[in-house]
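To start, the structure under review is shown below, and the notes come after it.
2 protein chains.
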Amino acid sequence: MATNQDSSSSANAARAILARLYAPITAELAQVEAMYRAELSSDDPYIAQLLEYIEDYSGKKLRPALLLLAAKACGRVSHDHIVLGTVAEMLHTATLVHDDILDDALLRRKRASINKLAGNEVSVLLGDHIFSHAFEISLHCSTPDGAREFSRAMARTCFGEIMQVHNRNNFELNEQKYISIIEGKTAELYATSAMLGAHYAGADEKTSRAFYDYGMNLGRAFQIMDDLLDLLGEEALVGKTLGSDIEKGKPTLPLIHHLQHAHGEARARALEVARGGDRKALIDLLHATESFKYAAGQANAYVQAAKNAVATLPAGEMRDLLHDVADFVLSREL
Amino acid sequence: MATNQDSSSSANAARAILARLYAPITAELAQVEAMYRAELSSDDPYIAQLLEYIEDYSGKKLRPALLLLAAKACGRVSHDHIVLGTVAEMLHTATLVHDDILDDALLRRKRASINKLAGNEVSVLLGDHIFSHAFEISLHCSTPDGAREFSRAMARTCFGEIMQVHNRNNFELNEQKYISIIEGKTAELYATSAMLGAHYAGADEKTSRAFYDYGMNLGRAFQIMDDLLDLLGEEALVGKTLGSDIEKGKPTLPLIHHLQHAHGEARARALEVARGGDRKALIDLLHATESFKYAAGQANAYVQAAKNAVATLPAGEMRDLLHDVADFVLSREL
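Protein chains in written order, with the numbering used here: chain A, 880 to 1213; chain B, 880 to 1213.
In structure tokens:
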């Protein structure tokens, strides 16, 4: 079990890895951060306070980083990329603000979530404002392609999230349906970010599509790992409330795998424990069918698929880096 | 007091007036409705069910009607207008879906609201989906102007709503601040709809701006009347929960006026009644300072300002109709 010191040093280690991965886009990512802060500001003191608070929601900046790395791999980073990187991060922030309502989360990035601070009503409206403003900014690009793709992606993201809520307490959920839910709720925004990075750097249709596939596979792997962490991880390490999936009746890959491979009384017992929301008891059961190992294996397979998607890029520093970014998804501490 | 029969016949009367006002755009409004229905559909049975349910949220279709009437007054209705009329109605629907969370409304268009049916989580996500999909569709136009203006308008709408929540139980709210809140939360979307109707019919900048002012003033008047109805109206007539403003501590124009004109014990009594949320008792107090009359007078003044905004249009059927639409806002049953 990780101590607080361990978790702090492993968080530092993760930051060090990201700093290396983001090295070729350091300047551009700083521009995205500056634009993000400038757009999330207001002359009104109350709204400024709300916006300042949620600045902390911006974490690893994986979506703008994917967009910028794809741009760098395909050509030149332009102002369009800075705009769209900002949009990607704002859309993600808006979903986090609304997720706080969805999940009734107590912790978010180790601080009280915005809905505890300002109530559900303000959280809904603030998320809506950020969505709208992100779409507004996306039209500052030289072409409307980014706006079109991000609005399409967000519509799909919401459908994925709705399907997830709808399948709460549905322990008959199969792996295929689970994957289609995480493709929507998580991977679509990664895929679209990577694709637009390539597209606005002048990549042809086929290459842009390859980056879409890269982001899609990376997103699938990321969410599988995130769900694994929710079951297995340490709260202090991850910085958000854990075990909320199981408490909320959200079946994720290890449980889905277990329910497919356990039979008779063992299966009945797993269902009972899952319905009761007892995370610790569930962990022991799931080890018996190697269900965590299976889920980690699937995440690994999607990371390999992400790497394969960009295999046709010329060998070199940028392709290696895209591979390393994909591997980073697997390296998150369990 | 209106009986159910009275209210049903007055609702029929309102429908008859709207049918006359919308006569020149009957075919185009039917196209908007068809596109709205087509866009709010899904292959997934659960999502289809949710979308079908909220189709009923679409009421008077005042926003697409303003857009189409402005187009007709300035030139020709094009496919762009059908698209943007659909977008206006979808954005309005999305705000209603989220308002159900905001207001915890029990009634919406005389049916249980979506959050009672499917829960807050699904309501947030469904609203987000409709927002995103509306922005996606707005990019089907021949130019990105509509997308840009509607996303800007929605960002302002959300700010207006946040300021309203923030000023809950603030009985020092003055008229100027109240007007700025309703400009955001209501009038901006009317103004933008009317402006885009003119713009996409080939109107010059000055004329488009005049239509923006027309919609802005009409929107101010509409919201003042809506707030009056919330205090004074009959539930069966209006088709939504009444008195929720006062229960929620939202000061609206009659109360703001009263608190500015009552003094000493009378003012203290009004504050006490307002804080207690007793609508019936408040009505009696507000009559003493003619505060309802004042609010209705302000609504009338904004309707006159709306008419003045389009005074430079050539005299004729379309200008008369725009005047009649403005007057309709005042004719809503009290």
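Virtual Cβ for every residue (Gly too), placed ideally from N, Cα, C. These numbers were taken from a predicted model, which means no experiment stands behind them.
In this structure, the alpha-carbon of G1143 (chain B) lies about 11 Å from that of L1150 (chain B). Interface annotation, R1031 (chain A): in contact with chain B, CB-CB separation under 8 Å.
Annotation: the segment 1037–1086 of chain A contains no complete segment of the beta strand (DSSP E) (minimum length 3 residues).
For V956 (chain A), the three-state secondary structure derived from DSSP is coil.
CA-to-CA, the gap between Y915 (chain A) and L1005 (chain A) works out to about 15 Å.
For S920 (chain B), the closest C-alpha among the options B:A1077, B:H958, B:M969 is that of B:M969. Residue contact check for H1137 (chain B) against chain A: no CB pair falls below 8 Å. Residue state for L1192 (chain B) is assigned as coil, using DSSP reduced to three classes. Contacts between P1023 (chain A) and chain B, judged by CB atoms closer than 8 Å, involve L1018, P1023, A1026 in chain order. Burial is judged here by how many other beta carbons sit within 10 angstroms of a residue's own beta carbon; K1159 (chain A) has fewer than 16 and is exposed.
DSSP places H1137 (chain A) in the uninterrupted alpha helix (DSSP H) bounded by 1132–1140.
When secondary structure is reduced to three states using DSSP, H1019 (chain A) falls in the coil class, being assigned neither helix nor strand. With a cut-off of 8 Å on Cβ pairs, the segment 1158–1174 of chain A is not in contact with the segment 1079–1096 of chain A, counting fewer than three such pairs. Taking a C-beta cut-off of 9 Å against chain B, the contacting residues of the segment 921–939 of chain A are S921, D923, Y925, I926, L929, listed in chain order. With 16 or more neighbouring CB atoms inside 10 Å of its own CB, S1017 (chain A) falls in the buried class. As the crow flies, the alpha-carbon of E1028 (chain A) is around 45 Å from that of E1051 (chain B). With a beta-carbon spacing of about 16 Å, L946 (chain B) and S1030 (chain B) fall beyond the 8 Å limit used to define contacts. In this model, H1045 (chain B) and S1002 (chain A) are separated by some 12 Å (Cα to Cα). According to the DSSP assignment, T905 (chain B) belongs to the alpha helix (DSSP H) that extends over 905–918. Counting along the chain, A1147 (chain A) sits inside the alpha helix (DSSP H) bounded by residues 1143–1155.
The residues L1097, A1100, F1101, M1104, A1178, V1182, in chain order, have a CB closer than 8 Å to that of V1208 (chain A) in the same chain once the five nearest residues on each side in sequence are set aside.
A distance below 8 Å separates the beta carbons of V962 (chain A) and H1019 (chain A). Measuring C-alpha to C-alpha distances from S1123 (chain B) to each of B:G954, B:G1155, B:C953 identifies B:G1155 as the nearest. Around the beta-carbon of G1063 (chain B), 16 or more other beta-carbon atoms lie within 10 Å, marking it buried. For K1159 (chain B), the enclosing alpha helix (DSSP H) starts and ends at 1158–1167.
Under the three-state reduction of DSSP, Y901 (chain A) is assigned to coil, being neither helix nor strand.
The Cβ-Cβ distance between F1171 (chain A) and L1111 (chain A) falls below 8 Å. The C-beta separation of M1042 (chain B) from I1058 (chain B) comes to about 12 Å, leaving the pair out of contact by the 8 Å criterion.
Secondary structure of D1199 (chain B) (DSSP, three-state): helix. The continuous stretches of alpha helix (DSSP H) do not include D935 (chain A), and DSSP gives it neither H nor E. For D1124 (chain A), the enclosing alpha helix (DSSP H) stretches over residues 1123–1126.
Using a Cβ-Cβ cut-off of 8 Å, L1068 (chain A) does not count as an interface residue toward chain B, since no Cβ of chain B sits closer than that to its own. Among the residues facing chain B, V1208 (chain A) is not included, as its CB has no counterpart in that chain under 8 Å away.
Under a criterion of Cβ atoms nearer than 8 Å, the residues of chain A adjacent to H1012 (chain B) are, in order, S1030, A1034.
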